[in-house]
Structures are given as structure tokens and as C-alpha cells.
Amino acid sequence: MDFPIIRKARVTGDHSAFVNGMMNGSGFESRRRHTQEKDLPSGPNWVVQKFGGTSVGKFGAKIAEDIVIPGLKDQRLAIVCSARSTSSKSEGTTTRLLRAARNVEEEDGGRYAEIVEAIRSDHIHAGEEAFVKDEHSQVLQKYVDDVMAECDNLLKILQSAHHLGGFAPRTKDMILSTGEKLACHYMAALLSARGIKAVYVDISEVITFSFAKGLGDDFYSGLAKVLGERVLALEEGAVPVITGFFGVVPGGLLNEIGRGYTDLCAALVAVGLKARALQIWKEVDGIFTADPRKVPTARLLDSVTPSEASELTFYGSEVIHPFTMDQVIKAHIPIRIKNVMNPRNNGTIIVPSREDQLPSRGSGLIRNRSASNLLTKNTPRRPTAVTIKAGITVLNVHSKKRTRAHGFLGSIFSILDKHRLSVDLISSSEVHVSMALHSEDSLLSGQGEEEMQIASDSLQGAVNDLQKWGDVDLVPSMAIISLVGQQLRSMVGISGRFFSTLGEHGINIEMISQGASEINISCVIEEREASRALNVVHTNLFTFLD
């Protein structure tokens, strides 16, 4: 068998001359999209607030005192929480639960008990720090009892799985749900200690209806209805604190939805309640033109469209789960991204643009460029944002035969689907295809070309199958840099400026993808150049664009 070649990215000369011909003009109108929340359609007096795990872990008391209690003055609140984390997502409760689940299936399994004990200890310690024993002894005792019970149940599930030598996706879902349960016990206790009638609402087994057609619109509509009924059944004045884990689904919730399932849960609660707003609370003021931690000149955006927010999320900016926007935008519920550390700031609102609200193009299969409003006077002057997605591996396949293109490409995609590999970008010709791959788990391991090895069973299986079709090589340590903006293809010359800016600063492009999305232009660069690329693109296309 031929072995795939793992190589460094190609380094070529200055390619700015090639893209200069793409720069055809710069007479843009200013972008103005200041949408006021009072102008948006509103439902009953419910607002759904979703808090991320780091926010709950670091700023629980602040959430209770500065966000929830003031918010109850003129509206009803439903609260949804992710699993707690006190440092980063990589060390959060969900990550540790996944680590415990993996350990169950390992030959030397046994460390899962230590992980459960650490989770138990962390949550009890958080409660002891949050509640004054004399004043809140009953609240603290109930919270500790709840934590002990959840962790005892978790340990029993893990022990059973260990004895059986593994577990089904349903069991993995049950393990993961512990993180959201613990977080909601904590938040409910924080509110109870401040005199709020908080009610812990466990929805981990709320799915009791049939969904034979899969996780489609019917499933989400049915689930939203059930969630709304569950909350409305609570007594008047109660503040529901809802677990962000909404039940067991075929294939596993994490596999089918991803780590953003709590965002989706909050959206479905909002739809079920016909809420007038969904608030997503993070540790940043909203959505910026670039990651403000890496680009000091990044600017806060007043508003973005759902399409833009989806693209930014997919290509590296942790904005909001795309399924979330699908649900609430269809229900005409605005989404606002806000900062737990700066609750008075308006943040960024996600509302549909005119293009998002246009009728489906399904009535016209063939359209010309004018149908996209490419040359309207309202074309924005610059893109909305630039983002980076690191941890990319480029997979190249070059056909050994002069096979027909559709047969070659069809086989490639079938193999990737068989091994459940996600492709972020693709560039192809009749006999060659390049694909940018990304995975939560490492695809490769080792340092340097000589030591680098395939670490993923899925990738190894795909490579074995792909080698029947042609020569395969892998390019590790890459990143995708993406421009995102509504009507991006209408901005004449913007592609040329993007590519030439990278070329003029000596940043080589491994592959380019443009055209599949009307609001995205992306290319693959070396990961070590990611931060520099982000800054030079932002400076040239956002800060000093002529």
C-alpha cells in the first residue's frame, strides 16, 4: 500500500500580481444597518437568557444580581445554562465528562472515578464559596445534596458502562447531561439565596414524542412546543432555570448538534414561549469585526444578519449555533449577544436583512447575476468581519486515471461521508481535489514531516480508501482565513484586495474557495501566520479601506 505524504505547505513567490486584475473598483456606499429593538416584532412578555459555561462558572453571583434580578422588573425570564467552566472550555465540565467517557472504553480504564470526584469537589466548593453558611444554610445544604445525587448517578452510569466494555450514544448523552444539571442547580441556588423563586427544570428526558423523520423542522417544532408547555405549567412568578441539554436523540446529541446544543435549547424555549427576545450572554461585548483579543483595532458591530453570524460561527468565531438562528429567526424573535461583565452595553443584535427575508429562490432554478442585486446602491462599503479557524489539515487527492470528473468526485465524497469526516472548504479540478478538514479531535500527531503520523481512525480509514483512486498527501498545521459580509460578491474588487494583501505581506495561500457562499471568501494559509494575517487583512480592508 502507498503511504500518504505528510508535507509542509507549499511556499511560492509573490502572487500579488496575479490578483491585481481582480481589483476593479472601490466606489462603495457606506454600510448602515442600525436596527432598533423597538422596531422589531415582539411576542408576550418573556425573554429567554442563555448563559455560557464560563459565565456561570466565573460570574454566577454577578449574573444573579446585575442581570437576572434587574431583568425581572418588567418581564418574565427563562434561564438556560451550559455546563460550568472556571477557566476555559478545554477544562470545563463537559470536556471532563467526555474524558471520563473515553476512559471507560480504555483498557486501563479506572480514572473516570477520579474525574467524577474532581467534578463533585469543584461544584461543592463553588457552592461553599457562594453561600454564607449562617444566612443560606438551607440553600447550601439542598445544593450540596443535589450535587451529590447527580454525581452518584453519573458514577453508576460510568461503572455500568465500564463493566459492559462500552456504551451506546444514548448512554453518552446521559453522561453529558450531568454538566448542565449541575450548572442549573448552582444557578437556581444563587437566585434562591437572593429571594428569587427559582425553579430547577430538568429537560434531559423531555423528548417523549416520535420523530421518525429525523432531526428536521417537524422535530424542532414539536420540541419547542413541548418546552414552552413545560415552562408555562410552572406557577406564576417562578423563574425557570432550564438544563441546556434537551434529551437523547439518535446518534447522540453531541454528534448530531455539536457543542452548541445549549444555544439551540435556548432558541427552542424562546420559540415555545413566543418570547420577545433571546439573549445570549458571553464574556465579550458582542460580535466584532475581528477577534478583539488578537486584533486591537477590532470594532463592535451594532448588528449582523443571521447568515453572517452563521458563517462567522462556522469559520472560527464562537458566535452562536447556526441551528439556533434558523429557529428563532423563523419565529421573528431577535437575538442579542451581550456581555455578563458589561450588562449595560447594548451588544450586537442579530436580525434578518432584506435579503434574508426575500421569498425562496426555489421558484426560479436559473437566475442571472442581476437577481442577486449585485450592483445596488446599498452595497456595503466593506465586509462585516474577518475570522480565523485554526487546526486545519489539507487533504489532497490526485487521480491516477483519466476518469470522468463526476465519478472521481462522487467517490471522494462518498468515502468522506463513510468515515464521517467534515470538509470545511474544497477546491477541485477534473483529476485533483483539495479539501480543508477540521475535527474536534486531533487528526495528526507528532512534530515535523518525518515524525508526523495520522492519529484519527476516521482519517486513516479515509486515506486507505482514497489511495485506491489516486495519490494522497496531507498538509498539517493550516488555518482558514475568511472574509464575511452580506452582499460580499457585490463588492467589486474585494477579492483582489483580500488576496493581494496577504501576498504583499508574504503570506502564502495554499487553496482558495469562493462562490459557494454569497457572503464568504476564504483561503487556507499556514497556521503560524494566522495572527499576522488577521491583523494585516483587518488593517487594509476594515481600518484603512479607501
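So the sequence shown is numbered by the UniProt record's numbering: it starts at 1 and just counts up by one. Cβ coordinates follow ideal geometry from the N, Cα and C atoms, glycine included. Here the structure is a predicted model, which means the values were calculated and not measured.
Is the beta carbon of residue i less than 8 Å from the beta carbon of residue j?
i	j	result
V537	F498	yes
C81	M187	yes
V340	I67	yes
I337	V328	no
T178	L264	no
A161	A83	no
L534	I388	yes
L154	V116	yes
A78	L223	no
G485	H398	no
I525	I494	no
L425	M511	yes
A390	A479	yes
I519	S317	no
I521	L488	yes
F245	E150	no
T289	A298	yes
I6	L474	yes
Across which residues does DSSP place residue i in a beta bridge pair?
i	result
Y200	V241
F219	Beta-bridge pairing links F219 to no other residue.
W469	Answer is none; W469 lacks a bridge partner.
R336	Q279, I349
K50	V80, I280
F314	DSSP output for F314 lists no bridge partner at all.
V432	Note on residue identity: the sequence assigns His, not Val, to residue 432. According to DSSP, which records beta bridges pairwise, H432 is partnered with H398.
C523	I481, I512
K389	I480
L444	I454
F288	L300
S427	S434
Keeping to the same chain, check which residues put their C-beta closer than 7 Å to that of residue i; ignore five residues upstream and five downstream.
i	result
V144	I124, G127
E91	S85
S411	W469
Applying the criterion that 16 or more other CB atoms from any shown protein chain within 10 Å of the CB defines a buried residue, is residue i buried or exposed?
i	result
K73	exposed
G251	exposed
Q49	buried
S422	exposed
H163	exposed
P296	exposed
T208	exposed
H34	For H34, the predicted structure reports a pLDDT of 39, less than 50, and the residue's modelled location is therefore unreliable. The matter cannot be settled from this model.
V132	exposed
S310	buried
I257	buried
M491	buried
A189	buried
S204	buried
P383	buried
S121	exposed
Q279	buried
Straight-line CA distance for residue i to residue j?
i	j	result
V248	A270	20 Å
K418	R528	32 Å
L227	S303	28 Å
R96	A118	9 Å
E451	I196	58 Å
G347	L300	8 Å
A61	R194	10 Å
E65	S192	12 Å
F59	N345	17 Å
A275	Y261	19 Å
D285	P343	9 Å
L312	H185	32 Å
E504	S456	36 Å
A530	Y315	13 Å
N540	R293	18 Å
K156	T171	11 Å
S42	Q467	With a pLDDT of 38 at S42, under the threshold of 50, the modelled position of that residue is not reliable, and no figure is offered here.
L176	L98	7 Å
For residue i, collect the residues of the same chain with a Cβ closer than 6 Å to its Cβ; drop the 5 residues on either side in sequence, then sort them by chain order.
i	result
W281	F51, S55, K338, V340
H432	H398
S439	none
R532	none
Less than 8 Å between C-beta atoms, sequence neighbours within five positions excluded: which residues of the same chain meet that for residue i?
i	result
E37	Since pLDDT at E37 reaches only 38, below the 50 mark, its modelled position is unreliable, and no value is offered.
M23	The predicted position of M23 is uncertain, since its pLDDT is 38 and thus under 50; no value can be drawn from it.
E229	G272
V231	A78, V201, P240, I242, V269, G272, L273
V104	Y112, L158, A161, H162, G166, F167
D465	I415, K418, H419
T543	T297
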